[in-house]
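J.: This structure is in structure tokens; I'll ask about it shortly.
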Amino acid sequence: MIYHITHQDAWAHAQKRNVYQPVGFSEDGFIHCSDLHQVAKVANSFYKGVEGLIVLAIDPELTGAKLVYENTDGGTELFPHLYGLLPTDAVLSTFALEVDGSGQFCLPMRFREV
Numbered sequence: 520m521i522y523h524i525t526h527q528d529a530w531a532h533a534q535k536r537n538v539y540q541p542v543g544f545s546e547d548g549f550i551h552c553s554d555l556h557q558v559a560k561v562a563n564s565f566y567k568g569v570e571g572l573i574v575l576a577i578d579p580e581l582t583g584a585k586l587v588y589e590n591t592d593g594g595t596e597l598f599p600h601l602y603g604l605l606p607t608d609a610v611l612s613t614f615a616l617e618v619d620g621s622g623q624f625c626l627p628m629r630f631r632e633v
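In this note's numbering, the protein residues as written are 520 to 633.
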């Protein structure tokens with residue numbers, strides 16, 4: 520499973536079209552995704568203060584797109600990138616990020632390690 524953070528409105532629009540294409544796809548050529556342990560870090564780095572975010576849980580086998588783990592920012596941590604549009608039926612579930620007492624995004628309790 521890989522994960523992609525988006526806004527609820529963008530996901531609602533995609534569901535009407537049966538395909539999801541994020542802003543920036545035509546420029547980047549891929550969809551930025553994360554492994555589960557990377558989701559909160561990405562949310563806090565790029566979406567601080569944004570409301571209405573959801574996380575798409577994606578089965579990469581159902582996308583029909585090439586999946587590449589790489590780092591396009593010059594760091595050492597690898598992130599999954601989908602080189603193709605995302606069919607909505609490849610999204611098996613969605614969930615909202617939670618915000619902790621310090622205002623940081625975090626995964627819902629069911630995803631946190633005990």
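Just so you know, even glycine gets a beta-carbon here, dropped at the ideal spot from N, CA and C.
DSSP on residue 561, reduced to helix/strand/coil?
T.: The count along the sequence shown starts at 1 and reaches residue 561 at position 42. Residue 561 falls in the helix class under three-state DSSP.
J.: How far does the beta strand (DSSP E) with residue 589 in it reach, from first residue to last?
T.: Here residue 589 is taken as the residue at index 70 of the sequence shown, counted from 1. That run of the beta strand (DSSP E) goes 585–589.
J.: According to DSSP, what are the bridge partners of residue 601?
T.: Here residue 601 refers to the residue found at position 82 when the sequence shown is read from its first residue. 550, 586, per the DSSP bridge assignment.
J.: Leaving out five residues before and five after residue 579 in sequence, what residues of the same chain have Cβ atoms less than 6 Å from its Cβ?
T.: The sequence position of residue 579 within the sequence shown is 60, counting from 1. Taken in chain order, the residues that qualify are 521, 586.
J.: I need the DSSP call for residue 580, collapsed to helix, strand or coil.
T.: Taking the sequence shown and counting its residues from 1, the one referred to as residue 580 is at position 61. Of the three classes helix, strand and coil, the one that applies to residue 580 here is helix, per DSSP.
J.: Just to confirm, are residue 600 and residue 549 a CB contact at a threshold of 8 Å?
T.: The residue you call residue 600 lines up with position 81 of the sequence shown. The residue you call residue 549 lines up with position 30 of the sequence shown. Contact: yes.
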